[in-house]
Every structure is written in C-alpha cells, then in structure tokens.
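Have a look at the structure below before the remarks.
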Amino acid sequence: MSQKKIFVNGPLNVVRLSGKVGNLEKSIYVFFDIHLHPASQTKCSDIRSEDVAKFVVDSFDLSNEKNPKLIYDFFFERGPLRPYLLNPKYKGKYLYQMSELFIKSFDIDTEKKIVHKSSIVPNVRFHYVDIRDYAIDMFGIQNALNSHQLYAHYNLENFKRTHNIVANIGNDMYELENIIYRGNENPKIDKMFFSSYVDIRHELPKEYFDDQTKKMMYKIKNSYENKDVKEKINKIINTELKERFARYLSVTNQCLDKLEKLIDEHTKFSGYQTDDILLQQEDGTYAYGVPFMQKEINTFQIGTDINILIDTMWEISCTIMDLYLLRRFLDKKYVTNALSYTGAYHSDNYILFLVKYFGFSITNYSYLKDDNIKKAHEIIKKAHKPEDLYILFWPPVLLQCSNMTNFPPLFT
Numbered sequence: 179m180s181q182k183k184i185f186v187n188g189p190l191n192v193v194r195l196s197g198k199v200g201n202l203e204k205s206i207y208v209f210f211d212i213h214l215h216p217a218s219q220t221k222c223s224d225i226r227s228e229d230v231a232k233f234v235v236d237s238f239d240l241s242n243e244k245n246p247k248l249i250y251d252f253f254f255e256r257g258p259l260r261p262y263l264l265n266p267k268y269k270g271k272y273l274y275q276m277s278e279l280f281i282k283s284f285d286i287d288t289e290k291k292i293v294h295k296s297s298i299v300p301n302v303r304f305h306y307v308d309i310r311d312y313a314i315d316m317f318g319i320q321n322a323l324n325s326h327q328l329y330a331h332y333n334l335e336n337f338k339r340t341h342n343i344v345a346n347i348g349n350d351m352y353e354l355e356n357i358i359y360r361g362n363e364n365p366k367i368d369k370m371f372f373s374s375y376v377d378i379r380h381e382l383p384k385e386y387f388d389d390q391t392k393k394m395m396y397k398i399k400n401s402y403e404n405k406d407v408k409e410k411i412n413k414i415i416n417t418e419l420k421e422r423f424a425r426y427l428s429v430t431n432q433c434l435d436k437l438e439k440l441i442d443e444h445t446k447f448s449g450y451q452t453d454d455i456l457l458q459q460e461d462g463t464y465a466y467g468v469p470f471m472q473k474e475i476n477t478f479q480i481g482t483d484i485n486i487l488i489d490t491m492w493e494i495s496c497t498i499m500d501l502y503l504l505r506r507f508l509d510k511k512y513v514t515n516a517l518s519y520t521g522a523y524h525s526d527n528y529i530l531f532l533v534k535y536f537g538f539s540i541t542n543y544s545y546l547k548d549d550n551i552k553k554a555h556e557i558i559k560k561a562h563k564p565e566d567l568y569i570l571f572w573p574p575v576l577l578q579c580s581n582m583t584n585f586p587p588l589f590t
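Read left to right, the sequence shown gives residues 179 to 590 (our numbering).
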C-alpha cells in the first residue's frame with residue numbers, strides 16, 4: 179500500500195533541524211509563513227490537504243493520546259502587546275488562524291512571568307517571540323521615514339521636516355545600540371503586560387518600554403545555563419547585529435549631511451518658492467528653479483538612503499527577535515521538541531544561526547533546492563544573512579503548500 183501523502187496549506191516551506199546542546203538532543207520544525215492578504219492566499223491542490231492550524235492541533239491531540247509525556251514548545255510570531263483582531267466569522271490569513279490557536283491556548287502567569295502548559299492543548303507550551311514592540315516601533319519608523327514626500331514637496335520646510343524625522347529616529351536607534359553594547363542594566367519590572375484582544379501599547383509609559391528593552395537585552399546577553407550557547411549568541415550580537423547597527427548609523431549621518439546641504443542652500447531663498455528664483459542650470463545658462471536633473475538626483479539619493487534605513491532597521495529588529503527565540507530554544511533544558519511559526523525571513527535566520535553557529539543539521543524539508551542537504555549545509559555555513567538562503571528554501575513558484583509526507587510523525 180502506498181504511503182499516505184500529507185499536504186499542509188499555509189506554510190511556504192517546512193524544515194526540520196536537529197542537534198545537540200551539551201548532551202541534550204533537540205529538534206525544531208521551522209514553518210515558513212508568507213504574510214499574504216487572504217484574497218491572495220494559495221493552497222495545495224490535494225483534496226485531502228489540511229490548513230496548518232488544524233494540522234498542528236490534530237497532531238498535538240494525537241500525540242497526547244499516544245505519548246502524553248511528550249511536551250512540545252511552540253514559538254509563534256506574536257507580540258505580548260499587539261493583538262491580532264481576527265473576526266471569528268472569517269478565516270483570515272493563515273498567520274491569523276495560527277494566532278487564534280495561540281491566543282486561545284496560551285497560558286501565562288503574568289505575576290510570576292512563567293509560561294505554563296496549555297489547559298486546552300495540555301502537551302504544549304506556547305511562547306510569543308515577537309518582542310520587537312519593546313525595542314523598536316518598527317511600523318512607526320517605517321511610516322515616518324516613508325513620509326518624506328521629497329518627490330512631491332521639494333522645499334525648505336519639507337527638508338527640515340525630513341531631517342527631524344531621520345535625526346530623531348537615528349537618536350532612538352543610537353540609544354538602543356547603546357543599551358546593547360555599552361549598557362548592562364537588569365531592571366526589576368514588577369508587572370508583565372500581555373494583551374490578547376486590545377492594543378495597550380499607547381497606555382504604557384516610555385519608561386516601561388525602556389526598562390523592558392534593558393531587561394530583554396540583558397537576558398539575551400547574560401542569562402544562560404549553558405556557557406557555550408551564551409558565547410555563540412554573543413558572537414552573533416558582536417558581529418552580525420553590530421554590523422547592521424554600524425550601517426544604520428553611518429547611513430543616518432550620510433542622509434543628514436545631504437539634507438543639511440539642501441537646507442543651507444535653500445535657507446537663503448527663505449520666503450520664496452525655489453521655482454521663482456533665478457538659478458544656474460546644468461548647461462551653464464540661467465533659468466527659474468532648481469535644475470530638473472539636480473532635483474532628481476538629490477531626491478533619488480536621499481530616498482535611497484531612507485530605503486536603506488528602513489531595510490536595515492527591519493533587519494536589526496528581526497535579528498533581536500530571532501536571538502530571543504534561539505536563546506530560549508537552545509538554553510532551556512526543558513525545551514526538546516520545538517516548532518516555530520514565523521515569517522520566512524525569520525525562518526531562514528533560524529536555519530542560518532542553528533547550522534552555522536550551533537552545529538545543527540537539516541533532517542527533513544518540504545522544499546530544498548537540488549535536494550542536496552550536504553551542499554545546503556556548505557552554503558549556509560558561508561552565508562552572512564538570511565537572504566542568502568532564499569535560493570535554497572523558497573520554491574521557484576510561490577505556493578502556500580508544504581509536503582510533510584516524509585517527516586517524522588507527530589513533530590518528533
């Protein structure tokens with residue numbers, strides 16, 4: 179009798195890795211999510227395929243029947259302060275379906291700051307891992323930087339406004355960099371906040387976020403049972419993360435210099451529209467207004483700098499989130515059988531760090547370019563960023579379908 183095929187709707191890919199931390203065997207199933215709008219989502223063609231949330235719950239339930247002593251740790255891309263407001267009448271994104279599973283099953287003692295096994299899914303501990311809201315207002319920064327409007331409003335007032343945005347965010351990023359590389363505070367926080375259905379971020383004072391950032395980074399750098407895990411996590415902090423901070427701060431200064439030059443040039447025309455000023459053009463003649471090509475060059479260069487800042491800030495925030503997950507997965511002795519459900523960038527990052535720094539091996543996958551694990555390991559060990567792994571783990575055609583037929587049963 180032929181083997182039953184197992185197709186799962188939702189993840190772009192699923193990769194299983196295993197390795198040893200000290201003498202302890204650990205495995206993790208890495209689910210790659212693509213955050214598509216529900217109207218654009220795809221699924222497997224097999225009529226017996228299951229949506230990922232149902233597949234995961236059914237697997238947990240069956241495992242609990244067969245081996246109730248086996249406990250899973252499920253790491254999910256969700257923050258403690260930012261809810262997913264999913265209308266229960268609609269299925270929504272695959273990510274939101276998984277979020278509903280998480281919210282209904284998550285069990286945390288906010289006073290003692292302890293995550294318990296779920297009462298609904300008793301063989302699973304659920305962990306939120308998206309702690310970026312504490313450290314970086316990622317979406318606020320993106321919106322602010324994207325609002326420069328230099329193409330539409332090439333004038334002194336907008337140059338100054340854009341300069342203030344870039345400078346203020348640069349100061350925030352410098353403060354975060356200072357906490358990570360020159361600070362070592364571990365503030366006592368009396369109460370931990372967690373919200374499932376209401377966005378409470380605006381209700382909390384800045385001091386709360388500052389203290390949470392300091393405490394979180396202190397834990398990621400210092401709080402370990404395993405010395406080897408601590409050393410390797412700190413190596414990532416002092417190389418890959420540090421390089422991204424250096425790039426961000428360097429491009430910030432570069433962008434501010436360009437804006438200050440424009441501000442200086444246009445200050446002498448204060449009170450007038452630059453289009454009304456007689457200025458020298460590219461060919462040496464004079465006409466009213468800034469030369470067209472010069473305006474295009476200035477706008478393009480500053481816009482490029484701002485796009486680099488957005489991308490680099492996103493890389494920094496993702497790396498912090500991913501180190502938070504890795505610390506818990508690798509250092510906690512009680513975590514042996516894990517699953518992560520996150521965006522594909524994070525998934526590639528976990529594979530990169532686990533193979534390159536911690537000696538983990540890929541054992542199973544839904545998709546791997548050329549189906550060559552040995553070659554993939556060689557590429558990963560030489561890689562410097564998760565984007566280097568896209569060619570390995572992202573299928574040539576985007577399809578939210580994973581074939582889990584050849585994986586070990588029940589996430590073992």
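C-beta atoms are modelled at their ideal positions from N, C-alpha and C, and glycine is treated no differently.
Bear in mind the structure is a predicted one, so any value in this text is a computation, not a measurement.
State whether the region 579-589 contacts the region 187-199, with contact taken as three or more CB pairs (one from each stretch) at a distance under 8 Å. Flag = yes, the region 579-589 and the region 187-199 touch.
Which class does T541 belong to by DSSP, given the choice of helix, strand or coil? DSSP places T541 in strand when its eight states are reduced to three.
On the DSSP letters alone, give me the boundaries of the beta strand (DSSP E) that E203 sits inside. Residue range 202-211 is occupied by the beta strand (DSSP E) that includes E203.
Let me check one thing: in DSSP terms, what residues is T452 bridge-paired to? Bridge partners of T452: none, in fact.
On the DSSP letters alone, give me the boundaries of the beta strand (DSSP E) that R194 sits inside. Note, R194: beta strand (DSSP E), 191-199.
CA-to-CA distance, P469 to N342, given in whole angstroms: Their Cα atoms are separated by approximately 26 Å.
When we look at the beta-carbon of V234 and count the other beta-carbons within 10 Å, is it buried (16 or more) or exposed? So V234 counts as buried.
Whole runs of the beta strand (DSSP E) within the region 281-313, excluding any shorter than 3 residues: Unbroken beta strand (DSSP E) stretches of 3 residues or longer found wholly inside the region 281-313: 302-306, given in chain order.
As a quick exercise: from L323, S227, N476, pick the residue whose alpha carbon is nearest that of N333. If we check each option's Cα against that of N333, N476 comes out closest.
Less than 8 Å between the beta carbons of F209 and L567, yes or no? No.
Check for me: the beta strand (DSSP E) holding T514 runs from which residue to which? Neither: T514 is in no beta strand (DSSP E) and is coded neither H nor E.
Neighbourhood of V429 by C-beta distance below 6 Å, restricted to the same chain and skipping five residues each side: Its chain contains D483, I486, L487 as the residues whose beta carbon lies nearer than 6 Å to that of V429, once the 5 sequence neighbours on both sides are disregarded; these appear in chain order.
Where A561 sits in the DSSP three-state scheme: It is coil, neither helix nor strand.
Contact between the region 319-338 and the region 270-281 is defined here as three or more beta-carbon pairs at a separation below 8 Å; is this criterion met? No: fewer than three Cβ pairs fall under 8 Å.
Short check: CB of V199 to CB of L508, under 8 Å? Contact flag set, yes.
For S227, which residues in the same chain have their Cβ closer than 6 Å to its Cβ, ignoring the five residues on either side in sequence? Once the five neighbours on either side are set aside, the close Cβ partners of S227 are F185, N187.
Do you know offhand how far L570's Cα is from K446's? Using only the alpha carbons, I get a separation of about 55 Å.
Counted within 10 angstroms of its Cβ, other Cβ atoms place I225 as buried (16 or more) or exposed: Classification of I225: exposed, given that the 10 Å Cβ count is below 16.
Which residues share a DSSP beta bridge with G521? According to DSSP, which records beta bridges pairwise, G521 is partnered with D211.
Should I292 go down as buried or exposed, given a rule of 16 or more other Cβ atoms within 10 Å for buried? Exposed is the label assigned to I292, since fewer than 16 other Cβ atoms lie within 10 Å of its Cβ.
In its own chain, which residues sit with a C-beta less than 6 Å from the C-beta of N527, not counting the 5 before and 5 after it? These residues qualify, in order along the chain: D500, P564.
Tell me, to the nearest whole angstrom, how far the beta carbon of K559 is from that of K534; I am working on the premise that it is less than 8 Å. Rounded, the Cβ-Cβ distance is 5 Å, consistent with contact.
So is G521 buried or exposed if we call it buried at 16+ other beta carbons inside 10 Å? Classification of G521: buried, given that the 10 Å Cβ count is 16 or more.
Using C-beta distances below 8 Å, list every residue in its chain close to K436, excluding the 5 sequence neighbours before and after it, in chain order. The answer, listed in chain order, is N476, Q479, I480, D483.
Close-in-space but distant-in-sequence residues of the same chain around I249 (CB under 6 Å, 5 per side omitted): Residues N301 of the same chain have their beta carbon placed closer than 6 Å to that of I249, with the five preceding and five following residues left out of the count.
Per DSSP, Y250 forms a beta bridge with which residues? Bridge pairing for Y250: V302, N515 [DSSP].
Give the secondary structure of L487 by DSSP, where H, G and I count as helix, E and B as strand, and everything else as coil. Residue state, collapsed to three classes: helix.
Let me check understanding here. Comparing Cα to Cα, which of Y352, F337, L323, A313 lies closest to E385? By alpha-carbon distance to E385, the top candidate from Y352, F337, L323, A313 is A313.
Note down, in chain order, each residue of its chain lying with its Cβ closer than 7 Å to the Cβ of Q320, except the 5 sequence neighbours on either side. Excluding the 5 residues flanking it on each side, Q320 has same chain C-beta neighbours closer than 7 Å at I488, in chain order.
Which residues does DSSP list as the beta-bridge partners of A465? Partner residues in the beta bridge of A465, as assigned by DSSP, are L457.
C-alpha gap between K547 and H555, whole angstroms: K547 and H555: Cα-Cα distance of roughly 12 Å.
Helix, strand or coil at N333 [DSSP, three-state]: Correct three-state label for N333: coil.
Which stretch, first to last residue, makes up the beta strand (DSSP E) that contains N581? Segment 579-581, the beta strand (DSSP E) holding N581.
Give the single residue among N584, V230, C222, Y502 whose Cα lies nearest to the Cα of S401. Distance from the Cα of S401 is smallest, within the candidate group N584, V230, C222, Y502, for Y502.
Can you tell me where the alpha helix (DSSP H) holding F423 begins and where it ends? 420-445 is the span of the alpha helix (DSSP H), which, as asked, contains F423.
Helix, strand or coil for M179, going by three-state DSSP, please let me know. For M179, the predicted structure reports a pLDDT of 48, less than 50, and the residue's modelled location is therefore unreliable. The matter cannot be settled from this model.
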